[in-house]
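Under our numbering, residues 343 to 633 are what the sequence shown spells out, in order. From the three backbone atoms N, C-alpha and C, an ideal C-beta is built for every residue, glycine too. This report refers to the structure that appears directly beneath it.
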Amino acid sequence: MSTLLKTIDKNVVRLTMNILITGTTSGIGWETAIELAKRNCNLFLANRSKEKTDELIRQITKIAPQVKVIYLPIELDDLQSVKDAATQFLTLNEPLDILINNAGLLGKKGLTKDGYEVAFGTNHLGHFLLTQLLRPALLKSQTPRILNLASNAHRSAEFYGWDDLRTPTKSEEGYPEYGFSKVCNMLHVQEIAQREEYQGVTTYSVHPGVILTEIWRHTSPPATLVATTPFLKDANEGCQNTLFCAFTKDNFPNGSFIVSKKPSDVSEMVKDKHLQKELWEFSMKAVQAYL
């Protein structure tokens, strides 16, 4: 057994947990769901595609027929759809032990249904609303945890101003907008870690490593990524840091950015406490009608 899996096994809080994860129809999300099922976790899969989710459920049923797996239809670029998915989960009256905001979009241009730049609206705002709506279920758990999938791409983020988040994607390939959405994912968990209404919730942002997955379906990988292709992780390797963060009992500072199983330094933008507070206020106003 690998050192990582030994560490995960040693640090498991309890054997049966309820975990809701977004974006599991391919790549890291798919592999994360498979690995969680092997660890006897009940899974709530929040995805756009029912067909792809059904295929994943078939795979999980073969591997771990004892676990409960439920599909939650969701469109993260549509806040009403996010509310509907959260409501579906809440009606089950189940505690939520871990929320994994895994889904991500890169390279698609335009606006969300609610009129926000598509990377910001999908990667951050949809997950922000989902997290807010699921807070009551998280607080029913003895060991609630929130993981936001982030990326070292946050270091190349550009922020054009709050008003520009209401305008379509500006860059050609969408990298700066994607980077800013990852900044938002990180600021989100940092703010949760400080808020009284989330007291007792452990939260981290998680870097999976550089992975060639379907996130590149709307754009081409940058030349620097292509040049390092022999050193890229596959999706199963990419999910290992998420698994570690889901189960570790290491006493990392709440809100940390975790890279390779340990806290990592972040960009100056992520260290900006004023931006962190402004993002929370902007996001709350954006989703207020759905709370």
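Nearest to residue i (by Cα), restricted to the options the options
i      : options                           : result
Cys526 : Thr544, Ala499 and Ile442         : Ala499
Gly521 : Ser598, Phe462, Lys627 and Arg477 : Phe462
Tyr390 : Glu417, Lys512, Asp592 and Thr374 : In the sequence as presented, Tyr is not what sits at residue 390; that position holds Arg. Answer by Cα proximity: Glu417.
Asp439 : Val612, Lys603, Phe501 and Val543 : Val543
Glu464 : Lys603, Ser423, Lys591 and Gln484 : Here residue 464 is Thr; the residue named in the question, Glu, does not match the sequence. When only C-alpha atoms are compared, the closest one is Ser423.
Ile370 : Lys404, Asp396, Gly446 and Pro415 : Gly446
Glu515 : Asp506, Phe501 and Lys451         : Lys451
Ser602 : Thr590, Met611, Val612 and Glu610 : Thr590
Asp419 : Met626, Trp372, Asp592 and Leu453 : Leu453
Ala588 : Arg487, Lys627 and Glu393         : Arg487
Ser523 : Ile399, Leu448 and Leu398         : Leu448
Pro415 : Ile399, Thr395, Ile402 and Glu579 : Thr395
Asn384 : Glu377, Ile361 and Ala577         : Ile361
Gln541 : Ile376, Asn578, Leu480 and Trp372 : Leu480
Simplified DSSP assignment, three categories, for residue i
i      : result
Pro605 : strand
Ser513 : coil
Ala388 : strand
Glu436 : coil
Tyr502 : coil
Thr395 : helix
Arg381 : coil
Asn578 : helix
Thr454 : coil
Thr545 : strand
Asn360 : strand
Ala565 : Legend: pLDDT at Ala565 = 41, less than 50; position of this residue unreliable, no value from coordinates given.
Ile600 : strand
Leu329 : With the chain represented from 343 up to 633, any question about residue 329 goes unanswered, as that position is not in the structure.
Asn443 : strand
Val409 : coil
Glu610 : coil
Leu414 : strand
Burial state of residue i (16 or more Cβ within 10 Å)
i      : result
Pro510 : exposed
Asn583 : buried
Pro518 : buried
Asn435 : exposed
Pro631 : First, the amino acid is wrong: residue 631 is Ala here, not Pro. Counting Cβ neighbours within 10 Å, Ala631 comes out exposed, since fewer than 16 surround it.
Trp504 : exposed
Thr358 : exposed
Thr433 : exposed
Arg537 : exposed
Leu633 : exposed
Glu397 : exposed
Glu393 : exposed
Glu610 : exposed
Residues near residue i in its chain [Cβ-Cβ closer than 6 Å; skip 5 each side]
i      : result
Lys482 : Pro437
Arg381 : none
Val608 : Phe599
Lys627 : none
Residues of its chain near residue i, where Cβ-Cβ distance is below 7 Å and the 5 sequence neighbours each way are ignored
i      : result
Ala569 : Low per-residue confidence applies at Ala569: pLDDT is 39, beneath 50, and the placement is therefore not dependable enough to give any value.
Asn494 : His549
Asp614 : none
Trp622 : Glu533
Leu507 : Tyr458, Glu459 and Phe462
Thr403 : none
Ala492 : Lys524, Asn527, Met528, Ser547, Val548, His549 and Phe599
Val612 : His496, Val525, Met528 and Leu529
Gln401 : Ile376
Sequence-distant residues of its chain with Cβ nearer than 8 Å to residue i (five each side left out)
i      : result
Pro605 : Phe594, Pro595, Ser598 and Phe599
Asn490 : Asn443, His469, Asn527, Met528, His530, Val531, Thr545, Tyr546, Ser547 and Val548
Val629 : Leu421, Leu467, Phe470, Leu471 and Gln474
Ala406 : Ala379, Lys380 and Asn382
Thr374 : Ile363, Thr366, Ile442, Asn444, Cys581, Thr584 and Leu585
Glu539 : Arg477
Ile399 : Leu387, Val411 and Tyr413
Phe624 : Trp504 and Leu507
Heavy atom of the ligand GTP within 7 Å of residue i beta-carbon
i      : result
Val612 : Absence of the ligand GTP is noted for the structure shown, with no ligands found whatsoever.
Inter-stretch contact (C-beta, 8 Å, three-pair minimum) for the region 405-412 and the region 617-632: no
Hey, is the region 424-432 in contact with the region 466-482, meaning 3+ C-beta pairs nearer than 8 Å? yes
When the Cβ atoms of the region 387-401 are set against those of the region 446-461, are three or more pairs found closer than 8 Å? no
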